[in-house]
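Before any comments, here is the structure.
Numbering (our numbering), first residue to last: 225 to 411.
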C-alpha cells in the first residue's frame, strides 16, 4: 500500500482568519465557514473562494481527509461569488451556487491519468477516468490553453462553457433558491 500512497501535511487556514472567531472560521482548520453559495452564513458580506473554504469531507475516514479543491472548482466558486456580489450591489435577491465539477489530469512521467467528476461531492451524476499516454499530451495542450485564457483575462470563455454543457452536461453555476446548506450540497 505504501507504494500507492500520497501523504500531504494537513492544510490549515491562517491565523488572521481564525482570529475573526468561530462564526467566521472553523476552529478545527481555520478555514472560512461558507454555505452552498460560498457566503458566510453569519456575516453576509464575507465570502470564501478556493482553498480557504471549509468544505466538509466527502466521507468520514480513520485519517481525516478534506474535500478536493481543484482549479475548475475554484473557478466555479469565484464565478458564483462574483455573481452574488454583483446581485448584492444591485439589490437583486438571486443567488448562485457553483456546480463544483472537477477535471484533473495528473502527469505520471511518460503518461498521465485524467478524471472528470460532477459534482465532486457525492452523489455524482457523472464520473470518467482514463490513464493513457495521450492523456499526457492532453495535459500539455490544456496547460497552454489555460495560460492563454488567463492572459486574456477570461476564465470562462463562451466556447468552453458551451463545450462543457454539450459534452458533459456541466454548468459552472446555477441559480440556488436556498443557500443554507453546506458547500457542494444540492440547492
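C-beta: ideal position from N, C-alpha, C; glycine also.
Helix, strand or coil for residue i per DSSP?
| i | result |
| --- | --- |
| residue 401 | coil |
| residue 337 | strand |
| residue 300 | helix |
| residue 369 | helix |
| residue 242 | helix |
| residue 374 | helix |
| residue 256 | strand |
| residue 271 | strand |
| residue 291 | coil |
| residue 227 | helix |
For residue i, write down the residues that DSSP places opposite it in a beta bridge.
| i | result |
| --- | --- |
| residue 342 | 350 |
| residue 320 | 399 |
| residue 331 | 336 |
Does the beta-carbon of residue i have 16 or more other beta-carbons within 10 angstroms, so that it is buried, or is it exposed?
| i | result |
| --- | --- |
| residue 232 | exposed |
| residue 353 | exposed |
| residue 277 | buried |
| residue 227 | exposed |
| residue 308 | buried |
| residue 397 | buried |
| residue 262 | buried |
| residue 333 | exposed |
| residue 407 | buried |
| residue 363 | buried |
Short check: CB of residue i to CB of residue j, under 7 Å?
| i | j | result |
| --- | --- | --- |
| residue 272 | residue 282 | no |
| residue 302 | residue 260 | no |
| residue 338 | residue 329 | yes |
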